[in-house]
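Below you'll find the structure, written out as structure tokens, and then a few comments.
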Amino acid sequence: MKFQRTLVLAGLLATVTGPAAVLADEQFVGLPSYRVGAYASGGSGLFGGWIDYMQMINERDGGVGGVKITWEECETEYNNARGVECYERLKTKGQSGNTVFMPVSTGITYSVLEKVPQDKIPMVTIGYGRTDAADGRVFPWVFPMITTYWSQASGIINYIGTKEGGMDKLKGKKIALLYHDSAYGKESHAILDKLAAKHGFEVTKIAVAHPGNEQQSQWLQIRQQRPDYVILWGWGVMNPTALKSAAKTGFPREKMVGVWWSGAEEDTVPAGDAAKGFTAAGFNVAGSNYPVIQDIQKFVYGKNKGNMEDKSRVGSVYYNRGVVHGMITVEAIRKAQEKYGKGKAMNGEQMRWGFENLNLDDKRLAAMGATGFMPPLKITCADHEGPGKVKFQQWDGTKWKVLTDWVDSDRALVRGMIEESAAAYAKEKGITPRDCSKEG
Amino acid sequence: MLYREAGQFKTSYSADQQIFPILQDRYGYWVILAIFGVLVPMLASAYWLKAILIPVLIFSLAAIGLNILTGYAGQLSLGSAAFMAVGAFGAYNFRLRIDGLPFLVALILGGLAAAAVGVLFGLPSLRIKGFYLAVATLAAQFFIVWVLVKFPWFSNNASSGVITAQDVVILGYHFDGPQAKYVLTLAVVAALALAAKNLVRTATGRSWMAVRDMDVAAEVIGIRPMRAKLLAFAVSSFYCGVAGALYAYTYLGTVEPEGFNLDLSFRILFMIIIGGVGSIMGSFLGSAFIVLLPILLDNVVPAIFGNALGAGFASNLQLIVFGGLIIFFLIVEPHGLARLWQIGKEKLRLWPFPH
């Protein structure tokens, strides 16, 4: 059957392009998407944005250096076993196999963590995944880019500090952490404990069991303790429930700060008016008045090639997050081509070099039409995270409004913890960290 | 014709009581084992071995475990995934904390740890039955995952509660390629499946079935329900535990407690329902059905409709077709795929001259 299909394809190709056609290089990107199941609302937006950006690059620029980007989706249902199957299936697709894997699921990240160095496929996890993989000396093939959970927690405390009028004002304050009771939610604990000790505030950790559609007792506890701020470290249905419960309890939403998986339209719209005033961190912003989004509207949706079924979601938080995924993919291809030859398809190893030497400064971001859309990003051999900065946006009842510029995290503290944790991993697995002074 | 046992005379009790009384089955078993043990690892691609065959085998083992409990002893359980988690984390911790512990010993110790936990959560089965017991085992599902997340000791203080399986070394040989891992998984699963097949024919297995069919009657004829039920929980959890350890060591390599969620328990339950409740063979068929069909649909559906419909619709269509096929099979054959296989054997017995 495969042979027949190849024949038909070949026949079609011959009639379309004529006998002299030479197949141009193509860069294959495998997409482990999830469009069904509990997290489909996030997945469809994110993968839609990612695909639309690559489509835009193909339409507007004719690909990267003349190399068209091709992709194929594989449905994971946010399920680890399905994710591994997708990883293995996509691995051999395309001209040079899959050249980058971005699972958009912490579970799948862990499931393929050991496989990527063997298969020589770089794995990029933007805003999720294994935090200590930011130490590139121990994890050469994993890139938890832009920012990690630890940087985010530190960024949120810095934001609260500025709101209070200085980090010294945090002393004696009470902060409640309302977290999703899972590995994801617990990522916040160690760093918040350290920050609490450093700045002298008190942190109360309140667990919400998955899925979190019942938070009566948690909010009773919050009402009794009267914290100054509540950090919402939620996921899925837990977020709107928390906002509604806060409204019922009478806790001001202006004093609630969410993480980036709590700060999308999908989290606030179901909560209705209760979400008004809620602030959340994000490594990308919402909105469609950025040149990059307008180019997508023009070159992709203008030609009716868009991926989103609901076009009004273009410019939403998840969609724009997908665009960030697309931009990083495309820029890594561009960077790798600079070193290994323009107009050629890159393989996994070359792509890894591209990611490791990624440098999206203000000038480059402006050229991409993404000034202020995502923070400037510089990756090095030792630091696979980059800026670790977030912006804070507030929900005004209908849309997200950007409140701040990029807020920095306590880099020294976070980096120290990352290196400590990565060193422990290296010791357990018997890995000798790379010497970054020898990397070209 | 193919399955006719005419001319196969049994001259001793042991010949009459062997696992596969029919010659064709006996040879068939070795032929299948030879195909999957020798030919498949030589011919199959890494993708097939790593992404399809290994998980099918591991889930078959977990399904056998649940089948022992639910199919043979009649105790409905929704905690299979949690017992897998105990096996995985148990084997990991035994290897981490005892230097030089051989892999196979750790595998068995992981299974025994799961068995101990299984007995603990099987205690309510002495008092409650049916759906109420399912709810009680649901507690195991949530409690165990919660414990593994709550106490960082289990994951060696990893910040996110995730464990990374150590290398698999047996007698100095590193099982790191897909072929090696597959053969190892196959060997463990085949040995345990054969043991299970044998076990359900012993006095223990018959006492399970007696308890399943009517526990008062079983008690009257001298079977101790407590012993039978708890033993079923122990053996079942042992199988699930070994499956969980294999899941960590030969399949994923890195596992997190949340990976062993209720969803996985339900999948294992569906495997035995589709495959055949109370059948070892059915566990394999059910596991293959539940693991392979979604992957097949994911390949076929977008290829046929992919461009015409949106990607979101294509994904949802797969679920619709998958659910529809499950309903279809259950209506056509409520006793599962194993029963279809049995009917097929009956037909083959007469073929090509049916009555």
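Line order of the protein sequences matches chains D and F. At position 226 of the first sequence the residue is numbered 394 (the working numbering), and the sequence of numbers has no breaks. At position 41 of the second sequence the residue is numbered 57 (the working numbering), and the sequence of numbers has no breaks. Positions of the beta carbon are idealized from the N, C-alpha and C atoms, including for glycine.
{"Asked": "Cross-strand partners of D:Tyr347 (DSSP beta bridge)", "Found": "D:Ala375, D:Trp401"}
{"Asked": "Close beta carbons around F:Ala304, own chain, < 6 Å, minus the five adjacent residues each side", "Found": "Val72"}
{"Asked": "Alpha-carbon to alpha-carbon, F:Ala209 and D:Gly402", "Found": "42 Å"}
{"Asked": "Contact the segment 329-336 of chain F vs the segment 347-363 of chain F: 3+ CB pairs below 8 Å", "Found": "no"}
{"Asked": "Range of the contiguous beta strand (DSSP E) that encloses D:Lys236", "Found": "236-241"}
{"Asked": "Contact list for F:Pro71 against chain D, beta-carbon separation under 7 Å", "Found": "Ala249"}
{"Asked": "Buried versus exposed, by CB contacts within 10 Å (16 or more), F:Val316", "Found": "exposed"}
{"Asked": "Residue nearest to D:Ala206 in terms of C-alpha spacing, selected from D:Asp287, D:Pro379, D:Pro308", "Found": "D:Pro379"}
{"Asked": "Contact check, D:Lys362 vs D:Leu581, beta carbons under 8 Å", "Found": "yes"}
{"Asked": "Pair within 8 Å by beta-carbon distance, F:Gly134 and F:Gly106", "Found": "no"}
{"Asked": "Beta-carbon neighbours of D:Arg228, restricted to chain F and to distances below 9 Å", "Found": "None at all; the shortest Cβ gap to chain F is about 22 Å."}
{"Asked": "F:Gln40 versus F:Ile48 - alpha carbon distance", "Found": "12 Å"}
{"Asked": "Span separating the alpha-carbon of D:Ala432 from that of D:Asp551", "Found": "28 Å"}
{"Asked": "Counted within 10 angstroms of its Cβ, other Cβ atoms place F:Val102 as buried (16 or more) or exposed", "Found": "buried"}
{"Asked": "Pair within 8 Å by beta-carbon distance, F:Leu94 and F:Ala150", "Found": "yes"}
{"Asked": "Exposure of F:Gln33, with buried meaning 16 or more beta-carbon neighbours within 10 Å", "Found": "exposed"}
{"Asked": "For F:Gln34, three-class secondary structure by DSSP", "Found": "coil"}
{"Asked": "Contact the segment 489-503 of chain D vs the segment 593-607 of chain D: 3+ CB pairs below 8 Å", "Found": "no"}
{"Asked": "Extent of the continuous beta strand (DSSP E) run through F:Thr153", "Found": "Looking at the DSSP string, F:Thr153 is not in any beta strand (DSSP E); the run it does join, the alpha helix (DSSP H), is 146-166."}
{"Asked": "Straight-line Cα distance separating D:Gln384 from D:Gln518", "Found": "52 Å"}
{"Asked": "Alpha-carbon to alpha-carbon, F:Leu117 and D:Glu332", "Found": "55 Å"}
{"Asked": "Residues near D:Ser273 in its chain [Cβ-Cβ closer than 6 Å; skip 5 each side]", "Found": "Tyr246"}
{"Asked": "Through-space distance from F:Leu341 to F:Val204, alpha-carbon basis", "Found": "31 Å"}
{"Asked": "Beta-carbon proximity check, D:Pro391 vs D:Thr417, cutoff 8 Å", "Found": "Contrary to the premise, residue 391 of chain D reads as Arg rather than Pro in this sequence. The answer is yes: Cβ separation under 8 Å."}
{"Asked": "8 Å CB neighbourhood of D:Asp573 in its chain, flanking five on each side removed", "Found": "Lys559"}
{"Asked": "Under 9 Å by beta carbon: chain D residues contacting F:Asp115", "Found": "Going along chain D, no residue has its Cβ under 9 Å from F:Asp115, so there is no contact; the nearest lies around 13 Å."}
{"Asked": "D:Leu528, DSSP secondary structure in three states", "Found": "strand"}
{"Asked": "Coarse secondary structure for F:Val205, derived from DSSP in three states", "Found": "helix"}
{"Asked": "Contacts around F:Phe170, its chain only, beta-carbon distance under 7 Å, and the 5 residues preceding and following it disregarded", "Found": "Phe105, Asn109, Leu164"}
{"Asked": "Status (buried if at least 16 other CB within 10 Å, exposed otherwise) for D:Gly304", "Found": "buried"}
{"Asked": "Residue interval of the alpha helix (DSSP H) (run including D:Met434)", "Found": "According to the sequence displayed, residue 434 of chain D carries Glu and not Met. Its alpha helix (DSSP H) spans residues 433-436."}
{"Asked": "Delimiting residues of the beta strand (DSSP E) encompassing D:Trp199", "Found": "The amino acid at residue 199 of chain D is misidentified as Trp; the sequence shows Leu. 194-199 is the extent of the beta strand (DSSP E) around D:Leu199."}
{"Asked": "Proximal residues to D:Leu571 (C-beta, below 8 Å), its chain only, five neighbours per side dropped", "Found": "Thr447, Lys559, Phe560, Gln561, Gln562"}
{"Asked": "C-beta atoms of D:Glu241 and D:Val204 nearer than 8 Å", "Found": "no"}
{"Asked": "Which residues DSSP lists as bridging D:Val232, in chain order", "Found": "D:Val235"}
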